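Participant: Once you know that position 99 of the sequence shown is 570 in this note's numbering, the rest is easy, because the numbers rise by one and skip nothing. What follows is a structure written as structure tokens; I'll ask about it next.
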Amino acid sequence: MGKSLRTIGDHGIIGNLETAALVARDGTIDYLCWPALDSPTIFADLLDGEQGGAFEIAPDLDDPRPLQLYVPDTNVLLTRWIAENGSAEVVDLMPHPGTGKGPDTDARRLVRFLTVTSGRVTFTMRCAPRFDYAREIPQVSAIEGGVHFSGDDLSLRLFASVPLDPQPDGVSARFTLSKGESAWFVLGDNTTPRPDQGAVRGLIAETTRAWRDWASQSTYKGRWREQVLRSALTLKLLTSARHGSIAAAATFSLPETKGGERNWDYRATWIRDASFTVYAFLRLGFTEEAEHFYRWVSGRVVTAGRESPLRILYALDGGLPGEERELQHLSGYAGSRPVRIGNAASEQKQLDIFGDLLDSAYLVNKYGPAIHHEGWQHVRGLVEYVIEHWQEADAGIWEMRSEPRHFLHSRVMCWVALDRAIRLAKKRSLPAPLVAWAEARDAIVDDVWTNFRHPEHGYFVQERGGTALDAALLMLPLVRFVSSTDPVWLKTLAAIEAELCDDGLVYRYRSGDGLTGREGAFTTCTFWYAECLARAGRLDDAQMILARGIAYANPLGLFAEETDDRGLPLGNYPQALTHLAFISAAYFVDRQLDPSYRPSWQP
């Protein structure tokens, strides 16, 4: 395996609601954690092209044009090679847990089905897994119909319809197919039985049907239906069928700037994503996913303690996230080191998460079942914590690795926590000291309007007493802290446009954050910006920013965390928060453009 030149955006994603793999446009699977999304990698060529491990399929064609597309309304991926002397395609998928015999068998398989569509094509296949983040080369031995990869703590089987050549560091095959002929490969757990072609075709058909059945639940019929549904399907891939949690992204340590140190592990669930996730799924008609995720979040509240009632992020199973560590043996994507696993942000204080959580609680209670008595007692505990601590400094939404500061976004989200708790108590006639809660909520309002405005221009600023701007301020009208047409807010929006926006790209901030180097534009903020424009009545501008934001996705409609100056993907991929923000913006802008829509007054 030579040094990889594949870019972040040159990938599609497949998965089984337990883990996910990235498939490059050249037909290589160069990223896969096994058996779960937060397990060690078995393929990590994307992070080290020399020793990371990969599953390659390459046709001998003259200058083929590579194409990728999804089978419509599914997460079944097709990679095609088209050339003058022939063409072929590979179907890649991981069986949906609703197919076969359940998540412990069929769901833990990777299926690759190769077909020649014109001409006669010779292929080279090489499968070289590297266990435990490429720290272990498994032993390879032949078994009937395939090979066995054996490591200290993990064993896999690879079956194929063509002869395999086991080698000390992997397995290869070279074979030729004519038009209409097929070959298949199935990689699975040590208990995976040897399939035949009929079984493989059955897995493809069942998985396709399962994804289409899920997608058919969508109630969104707006202008951006295809893109919105792709975002929903991507979010579903990042969701744990077992736990209900959703990963921030499928990957770890993909850089926010090439060659830089801003390389983090996003294979965990952030409480901050709670309200965005619940809102997006509810708006699209996926109520079961919204309620499942909220139950997972509620479970974290129940197990939290009084002194620290909620962590910023959790492992996908709800446990404590892994300690942040550096993998010194990996060279990193495009030489971007260090390569990190785990995330030290889990130890930070981020006060905004309470607003995120209680906003999601309010949404679920508004559109779903009523909160139960025990759950309400835990909510009351969170509210009391917020009342005691809202005036403190924290690391903020962007998880600054500098000294804690008094961030406006954190202060406003504390207001959201109190506001939503008061609304919920009134809506469900729940017992609560509403007068005391309202006094604390109003004190936050007074503090924000008094201490978080530019001393000369009067618009809102990033932190108390400062002058810098922050794209997180775009959340102020979205959470209804301030009217979207308030003169002070409009001045703030204009200042953000002047200082943080560039041709539809939106940067989080220009101020220091305790790290060296610069980062890319933050894709989520582009969609927050578009929604703010629409709420301010600037629908033409909102549509244009939304269109530019969509264009920053890769050809499959997948968004990375950030983009470089040319709009090319950077950071972990695909990122849930960006897809969530896109769904919200598309839903709102589409509704505003609907001539039959009549807004209703909301308290």
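All C-beta atoms in this analysis are idealised placements derived from N, C-alpha and C, irrespective of residue type, glycine included. Keep in mind it's a predicted model, so treat the numbers as computed, not measured.
1) For the 8 Å Cβ check, are there 3 or more pairs between the segment 943-951 and the segment 883-890?
2) Count the other CB atoms within 10 Å of the CB of Asp575; is the residue buried (16 or more) or exposed (fewer)?
3) Fully enclosed by the segment 657-683, which alpha helix (DSSP H) runs are 4 residues long or longer?
4) Tell me Met596's beta-bridge partners as DSSP assigns them.
5) So Val547 is in the alpha helix (DSSP H); what residue range does that whole segment cover?
6) Quick check on Ser724: buried or exposed, where buried means 16 or more other Cβ atoms within 10 Å of its Cβ?
7) Would you tell me roughly how many angstroms separate the C-alpha atoms of Gly846 and Ala903, rounded to the nearest one?
8) Start and end of the alpha helix (DSSP H) containing Phe965?
9) Going by beta carbon distance, what residues of the same chain come within less than 7 Å of Val773, once the five residues before and after it are set aside?
10) Can you check which of these residues, Gly483, Cys1003, Asp544, is closest to Ser689 by C-alpha distance?
11) Provide the residue(s) that pair with Cys504 in DSSP beta bridges, ordered along the chain.
12) Per DSSP, Tyr980 is paired with what?
13) Apart from the five residues on each side of it in sequence, which residues of its chain come closer than 6 Å, Cβ to Cβ, to Gly573?
14) Secondary structure at Leu947, three-state DSSP: helix, strand or coil?
15) Between which residues of its own chain and Gly641 is the CB-CB distance below 7 Å, once the five residues before and five after are set aside?
16) Taking just the CA atoms, how far does Asp827 sit from Asp1011?
17) Among residues of its own chain, excluding the 5 on either side of Gln539, which ones have a beta-carbon nearer than 8 Å to its beta-carbon?
18) Given a cut-off of 9 Å, decide if Arg701 and Thr663 are closer than it, judged by their beta-carbon atoms.
19) Give the straight-line distance between the Cα atoms of Asp941 and Pro926, rounded to the nearest whole angstrom.
20) Let me confirm a value: Gly1008 is counted as buried when at least 16 other C-beta atoms fall within 10 Å, else exposed. Which label applies?
21) What is the residue span of the alpha helix (DSSP H) that Lys636 lies within?
22) Taking its Cβ as the centre, do 16 or more other Cβ atoms sit within 10 Å of Glu759, making it buried, or is it exposed?
23) List the DSSP bridge partners of Trp886.
24) Could you give the distance in angstroms between the alpha-carbon of Tyr750 and the alpha-carbon of Ala761?
25) Shortest alpha-carbon distance to Val562 belongs to which of Val671, His1050, Ala739?
26) Start and end of the beta strand (DSSP E) containing Glu732?
27) Within the same chain, show all residues whose beta-carbon is closer than 7 Å to that of Ile783, passing over the 5 residues directly before and after it, in chain order.
28) Are the beta-carbon atoms of Leu1051 and Ala712 separated by less than 9 Å?
29) Could you round the C-beta distance between Thr1034 and Ala992 to whole angstroms and report it? I think they count as a contact, below 8 Å.
30) Going by C-alpha to C-alpha distance, which of Gly669, Thr748, Tyr604, Ala1001 sits closest to Arg803?
31) Using beta-carbon positions only, say whether Ala719 and Leu709 come within less than 9 Å of one another.
32) Run the CB neighbour count on Leu1066, radius 10 Å, all protein chains shown included, and call it buried at 16 or more, exposed below.
33) Do you know whose CA, among Ser900, Thr987, His860, lies nearest Arg882's CA?
34) Quick check: what's the CA-CA separation for Leu1041 versus Leu753?
35) In or out: Leu787 buried (at least 16 other Cβ within 10 Å) or exposed?
36) How is Gly770 classed by DSSP in three states: helix, strand or coil?
Facilitator: Short version:
1) Touching, per the Cβ criterion.
2) Within the sequence shown, residue 575 is the residue found at index 104, counting from 1. With a pLDDT of only 41 at Asp575, under the threshold of 50, the placement of this residue in the model should not be trusted; the figure read from the coordinates follows. When all chains shown are included, Asp575 counts as exposed.
3) none
4) Looking up residue 596 in the sequence shown gives position 125. Answer is Ile528, Ala644.
5) Walking along the sequence shown from the start, residue 547 turns up at place 76. Run containing Val547: none; DSSP gives neither H nor E here.
6) Within the sequence shown, the letter at position 253 stands for residue 724. Buried.
7) In the sequence shown, counting from the first residue as 1, residue 846 sits at position 375. In the sequence shown, counting from the first residue as 1, residue 903 sits at position 432. Rounded to whole angstroms, Gly846 to Ala903 spans 13 Å at the Cα level.
8) Along the sequence shown, read from residue 1 onward, the residue named residue 965 stands at position 494. Residue identity check: residue 965 is Ala in the sequence provided, not Phe. Per DSSP, Ala965 belongs to the alpha helix (DSSP H) from 958-971.
9) Start at 1 with the first residue of the sequence shown, and residue 773 comes out as number 302. Once the five neighbours on either side are set aside, the close Cβ partners of Val773 are His849.
10) Working through the sequence shown from its first residue, we reach residue 689 at position 218. Minimum Cα distance to Ser689 is reached at Asp544.
11) On the sequence shown, residue 504 is found 33 positions in, with the first residue counted as 1. Bridge pairing for Cys504: Thr512 [DSSP].
12) Counting from one through the sequence shown, the residue named residue 980 turns up at place 509. As DSSP reads the structure, Tyr980 sits in a beta bridge with Asp941.
13) Here residue 573 refers to the residue found at position 102 of the sequence shown. Because the pLDDT at Gly573 is just 44, under 50, the model does not fix this residue reliably, and the value given afterwards should be weighed accordingly. No residues qualify anywhere along the chain.
14) If you number the sequence shown from 1, residue 947 lands on position 476. Three-state DSSP puts Leu947 in a helix.
15) For the purposes of this step, residue 641 is taken as the residue at position 170 of the sequence shown. Arg597, Cys598, Ala599, Val611, listed in sequence order.
16) What you label residue 1011 is simply residue 540 of the sequence shown in a count that begins at 1. What you label residue 827 is simply residue 356 of the sequence shown in a count that begins at 1. A direct Cα-to-Cα measurement between Asp1011 and Asp827 gives close to 30 Å.
17) In the sequence shown, counting from the first residue as 1, residue 539 sits at position 68. The residues are Gly483, Val494, Arg496, Leu548, Leu549, Thr550, Arg551, Pro1026, Leu1027.
18) Counted from its first residue, the sequence shown places residue 663 at position 192. Counted from its first residue, the sequence shown places residue 701 at position 230. Not a contact, by the Cβ cut-off of 9 Å.
19) As a first step, residue 941 must be located in the sequence shown, where it is residue number 470. As a first step, residue 926 must be located in the sequence shown, where it is residue number 455. The straight-line gap from Cα to Cα measures roughly 16 Å.
20) Walking along the sequence shown from the start, residue 1008 turns up at place 537. Exposed, because fewer than 16 other Cβ atoms sit within 10 Å of the Cβ of Gly1008.
21) Taking the first residue of the sequence shown as 1, we reach residue 636 at position 165. For clarity, residue 636 is Asp in the given sequence; the question names Lys instead. Premise fails: Asp636 lies in the beta strand (DSSP E), 636-638, not in any alpha helix (DSSP H).
22) The sequence position of residue 759 within the sequence shown is 288, counting from 1. So Glu759 ends up on the exposed side.
23) Along the sequence shown, read from residue 1 onward, the residue named residue 886 stands at position 415. Answer is none; Trp886 lacks a bridge partner.
24) Within the sequence shown, the letter at position 279 stands for residue 750. Within the sequence shown, the letter at position 290 stands for residue 761. Each residue's Cα considered, the two are about 8 Å apart.
25) Residue 562 sits at position 91 when you count from the first residue of the sequence shown. That would be Val671, whose Cα lies nearest to the Cα of Val562.
26) Taking the sequence shown and counting its residues from 1, the one referred to as residue 732 is at position 261. In the DSSP assignment, Glu732 falls outside any beta strand (DSSP E) and carries neither an H nor an E.
27) Looking up residue 783 in the sequence shown gives position 312. Closer than 7 Å at the Cβ level, and outside the excluded window around Ile783, lie Trp741, Ile742, Ala816, Ser817, Gln819, Gln821, Ile824.
28) Locating residue 1051 in the sequence shown gives position 580, where the first residue counts as 1. Locating residue 712 in the sequence shown gives position 241, where the first residue counts as 1. Their beta carbons are not under 9 Å apart, which means Leu1051 does not touch Ala712 by this criterion.
29) The sequence position of residue 1034 within the sequence shown is 563, counting from 1. The sequence position of residue 992 within the sequence shown is 521, counting from 1. Going by Cβ atoms, the distance from Thr1034 to Ala992 rounds to 5 Å, so yes, they are a contact pair.
30) Here residue 803 corresponds to residue number 332 of the sequence shown, with the count starting at 1. The amino acid at residue 803 is misidentified as Arg; the sequence shows Gly. Closest by alpha carbon: Tyr604.
31) Here the question's residue 719 lines up with position 248 in the sequence shown. Here the question's residue 709 lines up with position 238 in the sequence shown. Contact annotation: Ala719 and Leu709 have beta-carbon atoms nearer than 9 Å.
32) Reading the sequence shown from its first residue, position 595 is the one you call residue 1066. For the record, residue 1066 in the displayed sequence is Pro; it is not Leu. By the neighbour-count rule (16 or more Cβ atoms within 10 Å), Pro1066 is not buried but exposed.
33) Along the sequence shown, one-based indexing puts residue 882 at 411. For the options Ser900, Thr987, His860, the alpha carbon positioned closest to that of Arg882 is the one of His860.
34) Locating residue 1041 in the sequence shown gives position 570, counting from the first residue. Locating residue 753 in the sequence shown gives position 282, counting from the first residue. About 29 Å.
35) Against the sequence shown, residue 787 aligns to sequence position 316. Its Cβ being crowded by 16 or more others within 10 Å, Leu787 is buried.
36) Within the sequence shown, numbered from 1, the residue matching residue 770 stands at position 299. Looking at Gly770 - three-state DSSP - the assignment turns out to be helix.
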